[in-house]
Structures are given as structure tokens and as C-alpha cells.
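This report concerns only the one structure given below.
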Amino acid sequence: MSTTYLLRGVAPLGGDRTDVRVEDGVVAALGADASADGATVVDGDGLVLLPGLVDLHTHLREPGREDAETVASGTRAAAAGGFTAVHAMANTSPTQDTAGVVEQVWRLGRDAGWVDVRPVGAVTVGLAGERLAELQAMARSAAAVRVFSDDGKCVHDPVLMRRALEYVKAFDGVIAQHAQEPRLTEGAQMHEGVVSAELGLAGWPAVAEEAIIARDVLLAEHVGSRLHVCHLSTAGSVEIIRWAKARGIAVTAEVTPHHLLLTDELVRGYDPRYKVNPPLRTAEDVEAVRAGLEDGTIDVVATDHAPHTREDKDCEWAAAAFGMTGLETALPVVQATMVDTGRLSWADVARVLSATPARIGRVPGQGRPVAVGEPANLTLVDPAARRTVVPERQATASVNSPFAGTELPGAVVATFLRGRATVLDGVLVDAPAGVGA
Numbered sequence: 002m003s004t005t006y007l008l009r010g011v012a013p014l015g016g017d018r019t020d021v022r023v024e025d026g027v028v029a030a031l032g033a034d035a036s037a038d039g040a041t042v043v044d045g046d047g048l049v050l051l052p053g054l055v056d057l058h059t060h061l062r063e064p065g066r067e068d069a070e071t072v073a074s075g076t077r078a079a080a081a082g083g084f085t086a087v088h089a090m091a092n093t094s095p096t097q098d099t100a101g102v103v104e105q106v107w108r109l110g111r112d113a114g115w116v117d118v119r120p121v122g123a124v125t126v127g128l129a130g131e132r133l134a135e136l137q138a139m140a141r142s143a144a145a146v147r148v149f150s151d152d153g154k155c156v157h158d159p160v161l162m163r164r165a166l167e168y169v170k171a172f173d174g175v176i177a178q179h180a181q182e183p184r185l186t187e188g189a190q191m192h193e194g195v196v197s198a199e200l201g202l203a204g205w206p207a208v209a210e211e212a213i214i215a216r217d218v219l220l221a222e223h224v225g226s227r228l229h230v231c232h233l234s235t236a237g238s239v240e241i242i243r244w245a246k247a248r249g250i251a252v253t254a255e256v257t258p259h260h261l262l263l264t265d266e267l268v269r270g271y272d273p274r275y276k277v278n279p280p281l282r283t284a285e286d287v288e289a290v291r292a293g294l295e296d297g298t299i300d301v302v303a304t305d306h307a308p309h310t311r312e313d314k315d316c317e318w319a320a321a322a323f324g325m326t327g328l329e330t331a332l333p334v335v336q337a338t339m340v341d342t343g344r345l346s347w348a349d350v351a352r353v354l355s356a357t358p359a360r361i362g363r364v365p366g367q368g369r370p371v372a373v374g375e376p377a378n379l380t381l382v383d384p385a386a387r388r389t390v391v392p393e394r395q396a397t398a399s400v401n402s403p404f405a406g407t408e409l410p411g412a413v414v415a416t417f418l419r420g421r422a423t424v425l426d427g428v429l430v431d432a433p434a435g436v437g438a
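Going by our numbering, the letters in the sequence shown line up with residues 2 to 438, in that order.
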């Protein structure tokens, strides 16, 4: 039997305080109708209630790199960060390029029970960029894949990209592009600019991202298909997306928390924690992506949670892997950069971290409003809390957080997946395997 909860005195989307009764997996009553009879009461004084967060861009590493992360550890981290659904990227080993592999990942997520795991299918076989993967078979599988990406690699062949965009129209899919022109970024180690010149590191120019985005929005317009741009990071990219949307092109874009806060100046210490793809950009780029998120040009915040082993990060800069963890710090970074600065409201946070990513990924039952009869996928946040990030204390199996030692605002107090608490009082709640299905 599921537990009934009364969330007392919470502020849905940061608005007026009210009571919320959660029963049988749904929001059963609000306000005066929300009885405490037979319910476990959660004191919500000072807490903001959001729909459960949805991440469009998570690397769970399983199968193949369980030494860095597993579906179980990664989804525990997701729940701790307030997420109730994540999209698991395709660059596993074997690659998620067949119905069999995406179903394996989907079942691992279902059996773990912490969040809904939506596998992302590879666009090309083995991420090799040579021929299309089994897109329709993955779409028709039990995993019901709707997002396809070669993330980590760009679909650089324009003919192949066009064919992929055309193909996914048949089942309302979307191609999520890692925008990186490979010839312009060979050997790149960081953003190309003043800092890279001073450090003598090979640069990753902004135009390598912008050129692919410009090409792909025109391809999407030509074939009338949906395009999603992964981890947008430059001021020029924001302008291209803004132009494309004004033209009516069906394009959406994401920004990561680290690109909302960190700049290439941090690379001066050669700390591999700050090595990421796309790289940390300039302060001007950070301001541009914040403005783009504020005005709706950028649709969502996605973590690009990329766990790595200590061996892959605790080494010299050139040998270190690209990537950062992010599931457990995403909401605090968004609060610090966008909410506490007055650029976004909590209702906006629900839009960019829940409703819109759920819509882009076509995730049933997620990103829904806090309303009677809706699935109780919910997140309770204490915006007044402040915590220093200690990677070793996080639920993820990896410790490569760029925010280690940083004090960030806000803390997830509770997370509910279809009415079942996965986090209570800021602590993960262990539950029998398979209850998340």
C-alpha cells in the first residue's frame, strides 16, 4: 500500500502557501480540501513546490563504464537533485543504437525505481557518423525512444543529418545535435580566445558550434522536422536560435548549469575538473546564455551530467576526460544564477527544468502542473538553505564536480515519484527494487 502524504503550507511555484494531499500516486486535493486524515505530514513552511524535474541530457554510463556510474547510482543522484525523469544518453558500450540496448537501459532504470529513465537512441550506428541506426525499431521498443543523439560526437555529414531529421518525423521524434564541427576542433582543449592563447592550449572556437547550429536549423526548416540543440554555449549560438525561432523553425535548445556560471578563466589553474565539451566560454558568453534563458530563446536547462573515474580526471590536463557531474547541483546553480538575480521566477524554473524538457522528450506523466488528478511527480525545495558542495557526499559514483567547495543556495528537501517519496528531509529513501515502474 502506498503512503499518503500531506504537504502542509507549501508554496506551489513560489506562490501562495497551501496544503497538498498526495494519495494513490496523484495529487488528490489542494487547499481546504487537503485533509490530513491517515496522511504522513510533511512540514512545508518556507518550501517551494515544483513539478518533478526532468533532465534531457544525462550520462549514466551503463552498460560499459560501471566504474564511473551505473543506472542505479546515477538515478539516485537524480532523485537527490529533485529529478523524477532523466534521458540517458547513447554513448554507452555497447552503444544505444538498437532496440535491445535501449530496452536494457530502460529496464535497469525501471528496476532501480528512483526516476523514470528514458533512453536516448544513437542517430548513427556506433556513433560513427556513417549510417543511420535502427531509429524506428528503438521508437517502437518498450523504451519508446523519442530523442536521438550522437552526443559526444557531431552528426557532421549534412546528408545524414537531413535523412535523420526526415526519418524521425514518422514517430514524432527529435534529433538532439552535439554541435561541433570536427575539423575546426581537432585537438582542442579549451575555448579559443585570450586565455587559450596565454596558456598555449589548442582552442575550440565558438564558430565550430555556431556553424553546425546554423546548418541544422536550415535543414530542420527544409524537411519540417524537430531539432534540439544540446549544451548551447556561445553568444553567437543564442543569436542563431533566436533568428530561427523568429522564422518559425521547430528548434529547441538547452544550456547546462556550468555554462550559466563558470568561465574559461578557471582553466588558468589547469584543474581537469573544468575540462568539458563544449568548453567553458567567456563572461560575455555566460551573460548571453543567461539572457537567452531569461527571454525564452533557450528552452531548457539540462545537466549534461558526465561522471568519470578518478583516473580519468585526476591527471594532467591534456590527458583528462571531458565532462562534469551535475545532477545534484543543477537546481542550486539555476537558483543562484537566475532566480536569486531576479531573471527567472520559480514558475519559470518549473518551465525550463520540468514542463518543457518533458514536452521535448515526449515523456508521459512528467512535467505536469501541480493540480488535482495529476501524477504526483513533485519536488520540494528550501530556497533559503545554503550548502557547500562536497562531491564525496553526493549520491553519484563519481566526484568530478566543478562546484566542489562552492557554497550554493537551495536544497532539495523531498522528491516524489508518482506519490512515492524517493527523498525525504533531504535524505534518499530506500525502497524495494522495481517500484519506480
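In this text, a Cβ means the ideal position worked out from N, Cα and C, and glycines have one as well.
A89 and L128 - do their beta-carbons sit closer together than 7 Å? Contact: no.
By DSSP, does A434 sit in helix, in strand, or in coil? For A434, the pLDDT reaches just 49, beneath the cut-off of 50, and the residue's location in the model is therefore unreliable, although a value from the coordinates is still provided. Coil at A434, not helix or strand.
For V103, the first and last residue of its enclosing alpha helix (DSSP H): Residues A100 to A113.
Return the residue from the list L57, G26 and R18 that minimises the CA-CA distance to V302. Residue L57 is the option with its Cα nearest to V302.
Same chain only: Cβ atoms within 6 Å of S355, ignoring 5 sequence neighbours per side: Answer for S355: P52, L54, V55 and G368, listed in chain order.
Under a three-way DSSP split, which group does R421 fall into? Strand at R421.
So, with DSSP's three-state summary, where would you put M325? M325 falls in the strand class under three-state DSSP.
Just verifying my parser: in three-state terms, what is the DSSP assignment at D426? Coil at D426, not helix or strand.
Check each candidate in V340, L328, Q190 and V103 and name the one with the smallest Cα separation from V146. Ranking V340, L328, Q190 and V103 by Cα distance to V146 puts V103 first.
Roughly how far, in whole angstroms, is the beta-carbon of T380 from the beta-carbon of V428, given that I think they are within contact range, below 8 Å? Contact flag wrong, Cβ pair sits at about 15 Å.
Closest by C-alpha distance to F404, when choosing among V371, P370 and A337: Among V371, P370 and A337, the Cα nearest to that of F404 belongs to A337.
State the DSSP-derived secondary structure class of Q97, mapped to helix, strand or coil. DSSP, reduced to helix, strand and coil, places Q97 outside both helices and strands of the structure shown, so it counts as coil.
Where does P370 land, buried or exposed, given buried means 16+ other C-beta within 10 angstroms? That one is exposed.
So what does DSSP say about R311, is it helix, strand or coil? Helix at R311.
Bridge partners of T257, per DSSP? Residue pairing for T257: DSSP places it in no beta bridge.
Work out the CA separation of R421 and G45 for me, nearest whole Å. For G45 and R421, the gap between their C-alpha atoms comes out near 17 Å.
Restricting to Cα atoms, I'd like to know which of G47, G101 and H259 is closest to A284. It is H259 whose Cα lies nearest to the Cα of A284.
Whole angstroms are fine: how far does the CA of S36 sit from the CA of W244? Straight-line measurement puts the Cα of S36 at about 50 Å from the Cα of W244.
Residues near V49 by beta carbon distance below 7 Å, same chain, minus five either side: A12, G15, W347, V382 and P384, listed in sequence order.
Taking the alpha-carbon positions, what's the E135 to G75 distance? Looking at the two C-alpha atoms, the distance is approximately 26 Å.
If you run the structure through DSSP and keep just helix, strand and coil, what is T235? Three-state DSSP puts T235 in coil, outside helix and strand.
Rounded C-alpha distance that separates G10 from L31: Each residue's alpha carbon lies about 11 Å from the other.
Could you give the distance in angstroms between the alpha-carbon of T93 and the alpha-carbon of P64? Roughly 6 Å separates the two Cα atoms.
In this structure, does DSSP put I361 in helix, strand or coil? Assigned with DSSP and collapsed to three states, I361 falls in helix.
Helix, strand or coil: how does DSSP classify P344 here? What sits at residue 344 in the sequence shown is Arg, not Pro. Of the three classes helix, strand and coil, the one that applies to R344 here is coil, per DSSP.
In whole angstroms, what is the alpha-carbon distance linking P433 and G114? Only weak support exists for where P433 lies, its pLDDT of 43 falling under 50; the coordinates are left without a value.
In terms of residues, what are the limits of the beta strand (DSSP E) holding P52? Start and end: V49 to P52.
Report yes or no: do three or more beta-carbon pairs, one from the region 200-220 and one from the region 231-250, lie closer than 8 Å? Yes: at least three Cβ pairs fall under 8 Å.
Expected contact under 8 Å - CB spacing of L328 and H309 to nearest Å: Their Cβ separation, rounded to whole angstroms, is 14 Å, which puts L328 and H309 out of contact at 8 Å.
Along the chain, where does the beta strand (DSSP E) containing Y6 start, and where does it finish? First-last of the beta strand (DSSP E) with Y6: Y6 to P13.
Rounded separation between V208 and G237 - CA only: Distance between the alpha carbons of V208 and G237 is about 8 Å.
With a cut-off of 8 Å on the beta carbons, I'd call E70 and T397 a contact; round off their distance for me. E70 to T397, Cβ: 6 Å. Contact.
Using CA coordinates, which residue listed in V156, R18, A372 and D38 is at the minimum distance from P183? With distances taken between Cα atoms, P183 lies closest to V156.
Which of helix, strand or coil does DSSP assign to P159? Three-state result, P159: helix.
Buried or exposed: which applies to T85, given that a residue is buried once 16 or more other Cβ atoms fall within 10 Å of its Cβ? When all chains shown are included, T85 counts as buried.
Based on DSSP bridge pairs, tell me the residues matched to I176. Secondary-structure assignment with DSSP links I176 through a beta bridge to F149 and L228.
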